[in-house]
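**Student:** For reference, the structure I am asking about is given below.
Chains as they are written, first to last, in this note's numbering: chain A, 8 to 171; chain B, 36 to 341.
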């Protein structure tokens, strides 16, 4: 089956079985190794990519479902081999240990910040509910995302966030 | 095996009428791919192909029709969380949607898929039942006649239980949706008499801590009507694997509500009750009924200062 899709901003025309999982196609065929296979059940979030701008488990997507879609992987976030501010923050906050879950965390954290430039800690925790990390205990990851978030625009907005 | 992905309803209907019995209808595939790691091989004994309806925008529309609210079958669960109409008239649906699985799954799982899978832990199924939702189904065609559509109560969609065996050897028991392979769930309808009755209220709560991403433990949805500061009617639907589905009318008619924020406090009250010791064994249906009624009644009594 011919799948016409976009990957990291580039249009692609792929001849692939519609039943091939997106994660397998990205890693095995396209050699994009950022998305990891952690559980193959959509529980760990290590395979998180964006599909049409929304976070998704690549392990639970078939190539047949990708026709006409825009997929972004962790490799598509960086420009000119520079770290994004969130990636820098993860380093600064020592939020990386084995690193296996990090690409997925970065994809979700970046998507959250696109949607809400100044999320509260609760919103960040909610957004990361689809991720498992066996190493860090999560707090430094929350710190990193919070650190990149913009400050509230006004004192009133800050008060609203504390109330929530 | 074929993979057919129609974009238009007429196209899908033609395909179903022609070879619906040979095709497995799929939408988000989040349940199926998680459970059957070698999909579609496990189903190749039963089906010759997959009819993928996940990209059919006519089936993803949510709108008010004649006072009722219809939710298209392939509406993503994440879309329910952002729905302004539901936020106003059925906030329990927002809470139930938000309690479902993970953000990644909610972005791609469809309401129809969640309902069809039939999990006892599904927040949405319980909440839709509490709101007396109906399901509009296009039944398979017969003897040269096009398929006809009919509305049925959501509670009547299920008939007994189904045991599924996963590729890894796990077992999963859920409600058995009695749709046939050519039947197509089109939408869910929340009736106006539930949503628009003056004083209508609803809330959803997970009574136990989440056991896993797909297991919310015991889930509870309550809906009712309160007018002039007095509860007119209230009923609950609770469900969980250990108890099946429990529906009960709550005998709270005539109970006075003295606090405008009574439901915020009910939420807080439900949080204080821990089902932790039941997480693995589960309460019986009658135990749960008594406990839920008791805590709600006690909650009301406590809130009223009795």
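Note that beta-carbon positions come from the ideal geometry of N, C-alpha and C, so glycine has one too.
#1: With a cut-off of 8 Å on the beta carbons, I'd call residue 158 of chain B and residue 237 of chain B a contact; round off their distance for me.
#2: With DSSP as the reference, label residue 71 of chain A as helix, strand or coil.
#3: Could you please tell me which residues of the segment 21-43 of chain A, in chain order, have their CB closer than 9 Å to any CB of chain B?
#4: Name, please, each residue of chain A whose Cβ falls closer than 9 Å to the Cβ of residue 50 of chain B.
#5: Could you tell me the alpha carbon to alpha carbon distance between residue 52 of chain A and residue 111 of chain A, rounded to whole angstroms?
#6: Of all Cβ atoms in chain A, is any one closer than 8 Å to the Cβ of residue 142 of chain B?
#7: Mind reading off the beta-carbon distance from residue 122 of chain B to residue 88 of chain B? Whole number of angstroms is fine, and I expect it under 8 Å.
#8: Can residue 44 of chain A and residue 30 of chain A be called in contact, C-beta distance under 8 Å?
#9: Are residue 170 of chain B and residue 220 of chain B touching if we call contact CB-CB under 8 Å?
#10: What does residue 156 of chain B reach in chain A if we use C-beta pairs closer than 7 Å?
#11: In chain order, which alpha helix (DSSP H) runs of at least 4 residues are fully inside the segment 77-127 of chain A?
#12: Would residue 55 of chain A count as contacting chain B if we go by Cβ distances under 8 Å?
#13: In three-state terms, what does DSSP make of residue 115 of chain B?
#14: According to DSSP, is residue 72 of chain B helix, strand or coil?
#15: Assign residue 43 of chain B to one of two classes, buried (16 or more other C-beta atoms within 10 Å of its C-beta) or exposed (fewer than that).
#16: Could you tell me whether any Cβ in chain B is nearer than 8 Å to the Cβ of residue 15 of chain A?
#17: Can you look up residue 2 of chain A in the DSSP assignment and give me helix, strand or coil?
#18: Between residue 50 of chain B and residue 85 of chain B, is the Cβ-Cβ spacing less than 8 Å?
#19: Could you check whether the Cβ of residue 82 of chain A sits closer than 8 Å to any Cβ belonging to chain B?
#20: Please determine if the segment 87-106 of chain B and the segment 78-95 of chain A are in contact, where contact requires at least 3 C-beta pairs separated by less than 8 Å.
#21: Following the continuous beta strand (DSSP E) through residue 271 of chain B, name the residue where it begins and the one where it ends.
#22: Check residue 342 of chain B in the structure and name its three-state DSSP category.
#23: Please state whether the Cβ-Cβ distance between residue 27 of chain A and residue 69 of chain A is less than 8 Å.
#24: Restricting to Cα atoms, I'd like to know which of B:116, B:210 and B:189 is closest to residue 152 of chain B.
#25: Just confirm the distance between the C-beta atoms of residue 207 of chain B and residue 201 of chain B, as a whole number of angstroms; I'd bet it's less than 8 Å.
#26: What's the C-alpha gap between residue 124 of chain B and residue 118 of chain B?
#27: I want to verify the contact list: residues of chain A whose CB lies under 7 Å from the CB of residue 69 of chain B, in sequence order.
#28: Where do the N-terminal and C-terminal ends of the beta strand (DSSP E) with residue 62 of chain A fall, by residue?
#29: Against residue 74 of chain A, what residues of chain B qualify as contacts under a CB-to-CB distance less than 7 Å, listed in chain order?
#30: When DSSP labels each residue in this structure, what does residue 206 of chain B get in the three-state scheme?
#31: Within 8 Å of any Cβ in chain B, is that where the Cβ of residue 64 of chain A sits?
#32: Please classify residue 340 of chain B: does DSSP put it in a helix, a strand, or coil?
#33: Run down chain B in chain order and give the residues with a C-beta less than 7 Å from the C-beta of residue 61 of chain A.
**Tutor:** In this structure, then:
#1: Residue 237 of chain B and residue 158 of chain B do not touch by the CB rule: their CB atoms are close to 13 Å apart, not below 8 Å.
#2: Three-state result, residue 71 of chain A: helix.
#3: Contacts with chain B (Cβ-Cβ distance below 9 Å) from the segment 21-43 of chain A involve 24, 25, 26 and 28, listed in chain order.
#4: Per Cβ cutoff of 9 Å: no residues; residue 50 of chain B is ~15 Å from chain A at best.
#5: Rounded to the nearest angstrom, the two C-alpha atoms are 6 Å apart.
#6: Residue 142 of chain B counts as touching chain A.
#7: So it is not a contact: roughly 27 Å between Cβ atoms.
#8: Yes, they are a contact pair.
#9: Their beta carbons are under 8 Å apart, which means residue 170 of chain B touches residue 220 of chain B by this criterion.
#10: The premise fails here: residue 156 of chain B is roughly 14 Å from chain A at the closest Cβ pair, so nothing lies under 7 Å.
#11: The qualifying runs are 92-99 and 109-122.
#12: Yes, its Cβ sits closer than 8 Å to a Cβ of chain B.
#13: Helix, per DSSP.
#14: Residue 72 of chain B: coil per DSSP, three-state reduction.
#15: A residue is called buried when at least 16 other Cβ atoms come within 10 angstroms of its Cβ; residue 43 of chain B does not meet this threshold and is exposed.
#16: Output row for residue 15 of chain A: interface = no.
#17: The structure shown does not extend to residue 2 of chain A, since chain A is modelled only from 8 to 171, so the question has no answer here.
#18: No, the Cβ-Cβ distance between residue 50 of chain B and residue 85 of chain B is not below 8 Å.
#19: Not closer than 8 Å to any Cβ of chain B, the Cβ of residue 82 of chain A fails to qualify, so no.
#20: Touching, no.
#21: It spans 265-275 - the beta strand (DSSP E) in which residue 271 of chain B sits, taken as one unbroken run.
#22: Examination of residue 342 of chain B is not possible in this model, given that chain B is present from 36 through 341 alone.
#23: It is a contact, given that the beta carbons lie within the stated cut-off.
#24: Looking at the Cα atoms, B:210 is the closest of the given residues.
#25: Right, their Cβ atoms sit about 7 Å apart.
#26: If you take the alpha carbons of residue 124 of chain B and residue 118 of chain B, they lie about 10 Å apart.
#27: Here the neighbours are 48, 49 and 67.
#28: Here the beta strand (DSSP E) through residue 62 of chain A covers 61-64.
#29: Near residue 74 of chain A (Cβ distances below 7 Å), the residues of chain B are 40.
#30: The DSSP-derived three-state label of residue 206 of chain B is strand.
#31: Judged by the 8 Å Cβ criterion, residue 64 of chain A is in contact with chain B.
#32: Model confidence at residue 340 of chain B stands at a pLDDT of 44, short of 50, so the residue's coordinates are unreliable and nothing is read from them.
#33: For the C-beta of residue 61 of chain A, the chain B residues within less than 7 Å are, from N- to C-terminus, 142.
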